[in-house]
Amino acid sequence: MDILHNLALGAEVAFSWQGLLFCFVGVLVGTFVGVLPGIGPLAAISLALPMTYYLSPPIALIMLAGIFYGAQYGGSIAAILLNLPGTASAAVTCLDGNQMTKQGRAGVALFTAAISSFSGGIVAIFMVLGFTPMIASFAMDFGAVDYFSIMLLGLVAASTLSVGSPLKGMTMVMLGIALGLVGTDDTSGAERFTFGALALSDGISLVALAMGLFGVGEILANLGQEKRSPLKASGLTFKSMLPKRHEWHGLWKTILRGSGIGAFVGALPGSGPAIAAFMSYAAEKKLAKNPENFGKGELRGVASPESANNAAVQAAFIPTLSLGIPGDAVMAVLLGAMILHGITPGPELVTSNPDMFWGLVVSFGVGNIMLLILNLPLIRVWVRMLSIPYHVLYPAMLFFICIGVFSVRSSVFDIYTALFFGVIGYFLIRLRFPAAPLLLGFILGPMMEVHFRRALLLSRGDYMTFFNSVPSTVFLILTALFLLLPLWAAFRKRSARPANQGD
Amino acid sequence: MARSINWLQVGAALLLGLFGLYVIVQGSGYEMGSLRRMGPGFFPVMIGSVLLLFAVLLVLEVWHAEKTERNFWIPRPILTISAGFVAFAALLERAGLVPATLALVVLVSLAEKPVRPAAAVATAVGLSVLGVLVFIYGFGIPVAAFEW
Chain A
13 MDILHNLALG AEVAFSWQGL LFCFVGVLVG TFVGVLPGIG PLAAISLALP MTYYLSPPIA
73 LIMLAGIFYG AQYGGSIAAI LLNLPGTASA AVTCLDGNQM TKQGRAGVAL FTAAISSFSG
133 GIVAIFMVLG FTPMIASFAM DFGAVDYFSI MLLGLVAAST LSVGSPLKGM TMVMLGIALG
193 LVGTDDTSGA ERFTFGALAL SDGISLVALA MGLFGVGEIL ANLGQEKRSP LKASGLTFKS
253 MLPKRHEWHG LWKTILRGSG IGAFVGALPG SGPAIAAFMS YAAEKKLAKN PENFGKGELR
313 GVASPESANN AAVQAAFIPT LSLGIPGDAV MAVLLGAMIL HGITPGPELV TSNPDMFWGL
373 VVSFGVGNIM LLILNLPLIR VWVRMLSIPY HVLYPAMLFF ICIGVFSVRS SVFDIYTALF
433 FGVIGYFLIR LRFPAAPLLL GFILGPMMEV HFRRALLLSR GDYMTFFNSV PSTVFLILTA
493 LFLLLPLWAA FRKRSARPAN QGD
Chain B
3 MARSINWLQV GAALLLGLFG LYVIVQGSGY EMGSLRRMGP GFFPVMIGSV LLLFAVLLVL
63 EVWHAEKTER NFWIPRPILT ISAGFVAFAA LLERAGLVPA TLALVVLVSL AEKPVRPAAA
123 VATAVGLSVL GVLVFIYGFG IPVAAFEW
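Heads up: the sequence lines are chains A and B, in that order.
Counted the way the working numbering counts, the first sequence spans residues 13 to 515.
Counted the way the working numbering counts, the second sequence spans residues 3 to 150.
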């Protein structure tokens, strides 16, 4: 039994005292940043990244991953109680969750959210277990052309599937790739776009860029807003959280559907938990006998997106671990973390670093159980967290950003970099340019350039080489479909309202 | 009813286009090489061109975009946070972590009205202690608490 042997190896890593401790730290930090609106898992992971240098790579990854899925649990708390999504993926949960709070059923909503997240996580863990080694062995003979094409597919999918204008998304991807050019060219050793600055010869710091765009930028946007509504923590008892029997009825089907949709969508390159939650909610509403109840405090409207977003987070590890291709910006930062720890992500990872892969998968299970315990009996602690005043919170966050960015490579220059991208990030938020595709482009860009140049070197400059391999051709066709989809949608929209405006 | 031009969005798209143009110009300064053996300049020129193209398309897309940008220019938070970061970066290696932290927290606390001096000082002191304990003693980052 190969898989039992592997799971035993994973358990050895995940149940070591370090594995348990840092898994706990990860999910705790994750829940914390998930609860607090305004800092997401991305900022928290970038912040924790320099601190994981002192850990062995598998333990570091266990902790960083814990932040990511822990945030999905925490994100629902602020969404349900305050109508503020703690993370982007909890935005859909606001719709019914906050309605339930207004009806005095906050406890039931919180309980359902925790149970649904847990179920979603567990379903997706089995997907990761089953599919990652399979895809990895399939991808073993991928060449430079295939890698280039699948990265292109991931970037195009990420920018066209995101909320808002697909063109803005793709422009941000290109901007990200352009920023990724800065530094020493891997192939020729030439310095590019460094303005002669020594600090830039290693490129722009990933942590500084991510912290700037998602940390500083977000804080600036929050500060520029009108007053935020304060929270009144109502009496939440464990008893008030348990749903009544008729509310439970048939809910498990919703949770399973949500988990399935979430796991599937999350595994696709370029889609994240937010999209999974949205799709699952839409599907549930379509299937429901009483769709008019959705948006008015329907319990299934909480269960469906919450199971989907946590399943998607877990499933997002499939492309990252099997192909080395991150599905969204958070996975991209995790990929960057692996590279910083000296691990080359790709199909060889499962076989060459088995302790890492299996340890991570087993820790997912451990972490989800920890989160269930953290979120059910201890919910009141998290609710109280929501009353930390912002005027204490944001200076503390800025301090952690400054010191975190500095400690990556002891570079004062990187603090200025974070500030620069913070201001840029603020304007991007206000102008509704999505920053996540930028980060994805920044991380994938340099890899794409290497594969692109290698592919054309091998083919002696013949572009048709990208169509000579079957996987590459399939990826390119899918890319073309993703590009045509928004065009087609725009065309449909235009022809659907024939000349009702005289322009 | 003719909608007016959304200059903010158009301006952003134009800036992106200019940046693409800059990448092309700067990139073409590096060796281009041939298709068979590409130099360091080939990929930048390619990326810059696509960025320029997308930016031009974007100008067309946002020309009449609805104006929903409110509170766009917020000088107070931007200036105070910039001042805090610059102070932190300047003081960190010259004066040490504690002065840098105090300067950062006090400056960024001015970003929001009303300013709460007591809370700001308390936060600054608390974070300084935390920073010294966690980052200097815990992680051993190469900075002194006070540089004499």
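In this text, a Cβ means the ideal position worked out from N, Cα and C, and glycines have one as well.
Asked	Found
Coil, strand or helix - glycine 528 of chain A by DSSP	This structure gives no information on residue 528 of chain A, because the portion of chain A shown stretches from 13 to 515.
The segment 249–263 of chain A in contact with the segment 143–152 of chain A per 3-pair CB rule at 8 Å	no
Beta carbon of proline 338 of chain A nearer than 8 Å to that of leucine 347 of chain A	yes
Between the CA atoms of leucine 18 of chain B and leucine 2 of chain B - distance to the nearest angstrom	Residue coverage of chain B in this structure runs from 3 to 150, which leaves residue 2 of chain B outside it and unanswerable.
Those residues which DSSP pairs with threonine 196 of chain A across a bridge	A:Glu203
Buried versus exposed call for glutamate 296 of chain A [16 or more other C-beta atoms within 10 Å across all chains shown]	buried
Enclosing alpha helix (DSSP H) for leucine 122 of chain A [first to last residue]	118–150
Straight-line Cα distance separating leucine 450 of chain A from leucine 470 of chain A	30 Å
Chain-ordered neighbours of isoleucine 143 of chain B on chain A, where CB pairs are closer than 8 Å	Ile415, Phe418, Ser419 and Ser422
Contact list for alanine 190 of chain A against chain B, beta-carbon separation under 8 Å	Phe21, Gly22, Val25, Pro46, Ile49, Gly50 and Leu53
Segment contact flag, the segment 312–324 of chain A with the segment 273–289 of chain A, C-beta cutoff 8 Å, min 3 pairs	yes
Distance between leucine 495 of chain A and glutamine 513 of chain A (C-alpha atoms, nearest Å)	Here the model assigns glutamine 513 of chain A a pLDDT of 43, short of 50, so the residue's position is not dependable and the matter cannot be decided.
Cβ pair count under 8 Å reaching 3, the segment 461–475 of chain A against the segment 119–139 of chain A	no
Contact set between the segment 190–220 of chain A and chain B, restricted to residues whose Cβ is under 8 Å from the partner	Ala190, Leu193, Asp197, Thr199, Ser200, Ala202, Arg204 and Phe205
Reduced DSSP secondary structure (H/G/I, E/B, other) of methionine 382 of chain A	helix
Under 8 Å from the C-beta of leucine 187 of chain A: neighbouring residues of chain B	Leu18, Phe21 and Leu53
Whether glycine 354 of chain A touches proline 317 of chain A by CB criterion (8 Å)	no
Spatial neighbours of threonine 332 of chain A in its chain, beta-carbon cut-off 8 Å, leaving aside the 5 residues before and after	Pro338, Gly339, Met343, Leu346, Leu347 and Pro357
Residues sharing a beta bridge with methionine 409 of chain A, DSSP	In DSSP, methionine 409 of chain A forms no bridge with anything.
Same chain, Cβ closer than 6 Å to asparagine 18 of chain A, neighbours up to 5 away in sequence not counted	Trp370
Delimiting residues of the alpha helix (DSSP H) encompassing histidine 17 of chain A	14–26
C-beta contact flag for leucine 452 of chain A and alanine 170 of chain A at 8 Å	yes
Chain A contact residues for leucine 129 of chain B, given Cβ-Cβ distances below 7 Å	Ala408 and Phe411
Residues in the segment 71–89 of chain B having any Cβ partner in chain A nearer than 7 Å	Glu71, Asn73, Phe74, Ile76, Pro79, Ile80, Ile83, Ser84, Gly86 and Phe87
Below-8 Å beta-carbon distance, leucine 152 of chain B vs any chain A residue	Residue 152 of chain B lies beyond the residue range present for chain B, which begins at 3 and ends at 150; the question has no answer from this structure.
Option nearest alanine 156 of chain A by Cα separation, candidates A:Leu499, A:Pro498, A:Lys505 and A:Phe478	A:Phe478
CA-to-CA distance, phenylalanine 56 of chain B to methionine 3 of chain B, given in whole angstroms	Any reading at methionine 3 of chain B is ruled out, since the residue's pLDDT is 44, under 50, leaving its predicted position unreliable.
Short Cβ contact (8 Å threshold) for valine 314 of chain A with glycine 142 of chain A	no
Buried versus exposed call for aspartate 158 of chain A [16 or more other C-beta atoms within 10 Å across all chains shown]	buried
For methionine 40 of chain B, the residue or residues it bridges with in DSSP	B:Gly35
Candidates A:Phe445, A:Phe432 and A:Asn480: closest to glycine 224 of chain A by CA position	A:Phe432
Coarse secondary structure for lysine 301 of chain A, derived from DSSP in three states	coil
For serine 422 of chain A, the three-state DSSP class (helix, strand or coil)	coil
Segment contact flag, the segment 132–149 of chain B with the segment 433–447 of chain A, C-beta cutoff 8 Å, min 3 pairs	no
Backbone secondary structure at lysine 308 of chain A - three-state DSSP	coil
Status (buried if at least 16 other CB within 10 Å, exposed otherwise) for isoleucine 231 of chain A	buried
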